[in-house]
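Note that my numbering numbers the sequence shown so that position 99 is 89, with each residue one more than the last. For reference, the structure discussed in these notes is given below.
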Amino acid sequence: MATEFKLKGLTSIDLKNGQTQEVEVEGVEDGKVLLAKVQDEIHALSAKCTHYGAPLSKGVLTGDGRLTCPWHGACFSVKTGDIEDAPAIDPLAKFEIVQKDGAVYIKGDEATIKANRRILNIKCGSTKGSEQVVVVGRGSGATGAIEGLRSGGFTGKITCIADEEHMAIDRTKLSKALMNDASKVALRSPEFYKEGNVDMVNGTVTSIDFDGKKVKSKDGKEYSYTKLILASGGTPRLLPLEGLKGDLKNVFPLRFISDVQSILGAAGEDGGKKVVVIGSSFIGMEVGNALAGKKHQVSIIGMEDEPMERVMGKKVGKIFRELLEKNGVKFYMGASVEKGEAGSTAGKIGSVSLKDGTKLEADLVVEGVGVRPATDYLKDNSSVNLEKDGSISVDESFAIKGLKDVFAIGDIATYPYHGPGGNGKPVRIEHWNVAQNAGRSVARSINSPGSKPKAFIPVFWSAVGAQLRYCGHTPDGFDDVIIQGNTDTSEGKQSFVAYYTKGEEVHAVASMAKDPYMTQSAELMRRGRMPSKSELAKGIDIMEISPPVEVKMPFGLVPQSMLEAIFYARFHPERGPSVIHQYPAGSIISPPGSPCRPLINWADISSYIIPPYDLCNQSLSICTAGHRVLAFPISLEDAEYDRNRFTFNICFVLPEEEDAHPWESIVRKTARFLMAIETEDCVLQIEEDLKGLKLAGEAGYPADVGSIYTLLERILEDLNAYGETCIQVNSSQTLNLRLEFPRSAPPKVNTWDVPLLIRSLPSREEWTWDLTLQRIHMYIDGIRHVQKIAELADVEVKLVKRAVKELVLHGRAMVLDIFHFQAIYTCTRDLSAFVQDLDLQDECRRYVTIPQEQEVLDTNDRHSISDASRPGPTREILVELYSSLHRGIQLADFCLTHQDELAHIDIRRFITFGVIKGFVQRLHKYALALEPLPGSTPAPASGKRLSGGSHSKPRSGDDAMRECDRAYRKAALTSGWMTPPNGPPPSSMGRSYKSTEKSRSEEDELLRFYLDGCHPMDQICAEMHVSEKKVLERLRSGRFGEVLFLNK
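Structural data, given as structure tokens:
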């Protein structure tokens, strides 16, 4: 029975959404739990990652409840504790929270609290049905697949065939720590898989009959399958050179425990052996570092200029080299191996010769030159076509193309990559995490046919003198590396983040001693929110960006409003209106004594959820407690039912203020689907009679019985994550749902508006760029207005406005006012939110502070100085400065008044930050002529610029010439192309064919139309191509009579 344990130092829980807190458990030695708040619900879970024990309080928590480890990317659901992403294999323990008597308690047992995990349950007493899954291989991918199948409810037969006698091992520890004891690196015990009824077979697969669905092994046995998962991993390569191709002893690859045992046996325990490592990739660097740590003399040979240069780049590779050199490792870079030669002992390696004549003495050699896909058993199989490298091409679900019910994962699989820069390009990634995630994905596909593959970003880590974290992939390489932080290894205090970019897009991120930057980057990549190269160069800190709930890869539409809960209710003949199932558990009906507060009060709406018969079979919308419940009650009449009727309802819960229209058809379709499966197979009625079924609100809910709870869970999770779902309930019935949102009204863009990119533009492969965008994107900098951009790009203004409108509509840009020192800026009522939000103030400090380092040009030489004493503005100064913006004072005067406080602040960024965040606004200046000039024409109501003066004025030759000019340019620019150089010169208000005096007269005549108090000064300046100073000089010249200026 669960025991209540008090949480130390807590009288109540005060967390904001997205926050976590690690708390000690009284009475349990080293006992800790993690409190996390997501969507207004508090969760208590294990405090450490079940992979290597990282503190999850330092991880990344997203709005949809994904909690990611700060070290190696293991991800868990805070709602259930279940695993979301590798490399963890055990879920987190989940504890019930109880608040009483001014204290906070959790319910659980001491052993589980201490263990910081919940052992994955794959128990299966006996297999059922005709399904038979055969898994070839016993690595990370096979582990993910087998455990994903059993924990997901698969009860068919599972057979795992591999030529390794031990259970699955943590292969990453072989090269990083040279661990040679299988029991210390084993992921699971043999008993674990026996409880799961998994048949572990030691054998070598020699061929597969895909037509007959049989796997054949070396000992002549055959294994039938209905589903086949190929996870045979890789085979280490040896150089095809004399003395290094296996023809001399003490030359080793590194892939298996037997390899580590051989290496350590040859090296001995006393140190001092001369070790040559061929290959400066991850395996070579890791094993070299590990052997140097055992006091051996290690030399590493690499063909690149720096270690791991192809993946990590020269700058980062240099850091790794320096770290290992401090550990005593010698490097021979830019070198090619010629051969290996025997030493004084016949048949054993004695030296390695390089092509430049260098000879390195060697007591043993380790070759870390890569692996090839272990697919020899498929080479002569006509049913499958291997890629050039021996791998197998698969789709997004890791299903082998051209074969039914066959999957390939891990080192042998080439799959479409949809991460940043991937665009579906086929890649083969030899990462532990990728293999395990692929295995879990295949398990989901088998357990839930038709389900979408789950998005994940490749993650790996390495021990190269210090702990390296890396996420992403660069299938087409990278053209730049942006490094932020300290890369000086001299004192061992290196701490940096490296962003690998292609164009403006970040494709990968590496970090060292900067947790959880890699984890945060992976979440931002997964959700399409990674900053661009330009944004990073401006100093954006990715830790300040909150990952949105929606996932942007690999599939499209994502809901704009989030589904908070879903429940299934019916009229019970004895209990009346009752909630049978709900997801999340406790969202509508909470069990007795639970501290979780339901979203709504069931008693308030039960009579509407199960309404009179004449209100059934139609959509209902009920608003209560700040939520909107969308329902579609169904009433079936049949003598087989109690009281001759079966009345039920499926209900979706949304925030009350959200647009419900896109969800109404989803609710209606789901209700009719449930009606269909009840009418045909009595699924709903039969489920309530199942033994062990728990109803919503009962202790132990949800029990692992029935299918409706799982159906509700899939609907909510898939619609929130992908905006669509495909759920196969049985062999003949599948539920397909897809959200369709109406496009919002396009924003209005004026010629004087200043566009600012707030998200990087996708590459041209991902997003179709029209001709206008191709020409203008380089001029969108947050400074130039639309009219100026049109001139610089030589594109018609209306086309620029249309392009900017599309960018704003798609959330890629926003429009600002023109920045002026003569303008008046004032704060809005939202300033109070800025004053109370310390995180926002810190973000502001980083954004507005002028960088400390600046280049100084001396008369003799150019050198760099650092003003180390320069302080950034304090929070108090920022609040005071923003509070000093008020009506009646121009920005120029504001700067003079506060010049000391603004000494190290970029004033443009200072104003722009406030405008972007919504607590600063600009007052616009309007001009109103109090006395109209004789013969003037009233300003047009539309506010459009007129091309001439009075309509009664006869057309002159110059008028006709200007009209011809305009017609020519309009024809040339309509398609967005540049005006041909031999065309007529452009005309504008600033350039005329007439004399200066006549030109001024025409400009004054045009200016008169703006003097009606309806046109801001920005519009006048932009459309007349003159500065505000010149406009004011003309208006004050007396030629327009008395002119009144308004700021509003």
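Backbone N, C-alpha and C fix where the C-beta goes; we use that ideal spot for every residue, glycine too.
field: Cα-Cα separation between Lys97 and Ala456, rounded to whole angstroms
entry: 39 Å
Q) So Ala280 and Lys204 are in contact, right, with Cβ under 8 Å, and what is the actual spacing, rounded? A) Not confirmed; about 42 Å, so no contact.
Q | Of the listed residues Pro602, Trp653, Gln675, nearest to Asp628 (C-alpha basis) | A | Gln675
ask   = What is the DSSP secondary structure of Tyr95, reduced to helix, strand or coil?
value = strand
Exercise. Quick one: residues in its chain with C-beta nearer than 6 Å to the C-beta of Lys22, no 5 flanking neighbours on either side, listed in chain order?
Key: Glu12, Glu14, Ala37
Worksheet entry | DSSP-derived helix/strand/coil call for Asn726 | strand
- [ ] Could you spell out the range, first to last residue, of the alpha helix (DSSP H) harbouring Pro563?
- [x] Where Pro563 is concerned, there is no enclosing alpha helix (DSSP H), given that its DSSP letter is neither H nor E.
If you drop the 5 nearest sequence neighbours on each side, which residues of the same chain put their C-beta closer than 6 Å to that of Gly8? Leu51
Discussion item. According to DSSP, Ser141 sits in a beta bridge with which residue or residues?
Written reply: BP columns for Ser141 are empty, so no partner.
* Please say whether Phe397 and Leu238 have beta carbons closer to each other than 9 Å? => no
Cut-off 6 Å between Cβ atoms - residues of its own chain near Asp395, not counting five sequence neighbours on either side:
Lys217
Can you name the residues that DSSP bridges to Asp189? Thr149
Would you mind giving the Cβ-Cβ distance between Ile273 and Leu234, rounded to the nearest angstrom? I have them listed as a contact below 8 Å.
-> About 16 Å; that fails the 8 Å criterion.
**Item:** For Trp653 and Leu605, believed in contact at Cβ under 8 Å, the rounded distance
**Value:** Leu605 to Trp653, Cβ: 19 Å. No contact.
Straight-line gap, Pro601 to Lys69 (C-alpha atoms, nearest Å):
32 Å
* Quick one: what does DSSP say Tyr507 is sitting in, helix, strand or coil? -> helix
- Query: Can you give, in chain order, each stretch of the beta strand (DSSP E) that sits fully within the stretch 465 to 491 and has at least 3 residues?
  - Reply: 470 to 476
3-residue-minimum beta strand (DSSP E) runs that sit fully inside the stretch 74 to 122, ordered along the chain: 84 to 90, 93 to 98
* To do: Spatial neighbours of Leu1001 within its chain, please: CB distance less than 8 Å, with the 5 preceding and 5 following residues excluded, ordered by chain position.
  => Ala917, Leu918, Ala919, Ala929, Leu1025, Phe1030, Val1033
Practice task
Would you check if the distance between the CB atom of Val496 and the CB atom of Met533 is smaller than 9 Å?
Solution key: no
Would you say Thr902 reaches chain D, if we count a Cβ-Cβ gap shorter than 9 Å as a contact?
-> The structure shown contains no chain D; it is built from a single protein chain.
Worksheet item: If you count every other CB in all the chains shown that lies within 10 Å of the CB of His41, and 16 or more means buried, which is it?
Response: buried
| message | What would DSSP say about Val548, mapped onto helix, strand or coil? | response | Any reading at Val548 needs caution, since the residue's pLDDT is 41, under 50, leaving its predicted position unreliable; the model's value is listed next. The answer is coil: DSSP assigns Val548 none of H, G, I, E or B.
Item to complete: Pull up the DSSP beta-bridge partners for Leu1039, would you.
Response: Because the chain in this structure spans residues -9 to 1038, residue 1039 falls outside the shown range and cannot be described.
Query - Sheet register partners of His571 (DSSP bridge) - result: Tyr558
### Message
Out of Met323, Ile109, Ile472, Gly467, which one is the CA nearest neighbour of Lys305?
### Response
Ile472
* For Tyr367 versus Thr196, is the C-beta spacing smaller than 9 Å? -> yes
Nearest CA to the CA of Ser343: which residue from Ser334, Ala559, Thr335, Val327?
Val327
| query | Three or more beta-carbon pairs under 8 Å between the stretch 107 to 126 and the stretch 136 to 145, yes or no? | reply | yes
Check: What number of angstroms, rounded off, separates the C-alpha of Gln880 from the C-alpha of Ile773?
Finding: 19 Å
Practice task
Can you tell me which of the three DSSP states Ile390 falls into?
Solution key: strand
3 or more residues per run - each beta strand (DSSP E) lying fully within the stretch 249 to 302 = 264 to 268, 287 to 291
**Study point:** Heavy atom of the ligand NAP within 8 Å of Arg418 beta-carbon
**Key:** You won't find the ligand NAP in this model; it holds no ligand whatsoever.
Using the three-state DSSP reduction, which class does Val719 fall into: helix, strand or coil? coil
Residues in the same chain with beta-carbon distance under 7 Å from Arg658, minus the five sequence neighbours each way, listed in chain order, please. Ser609, Phe622
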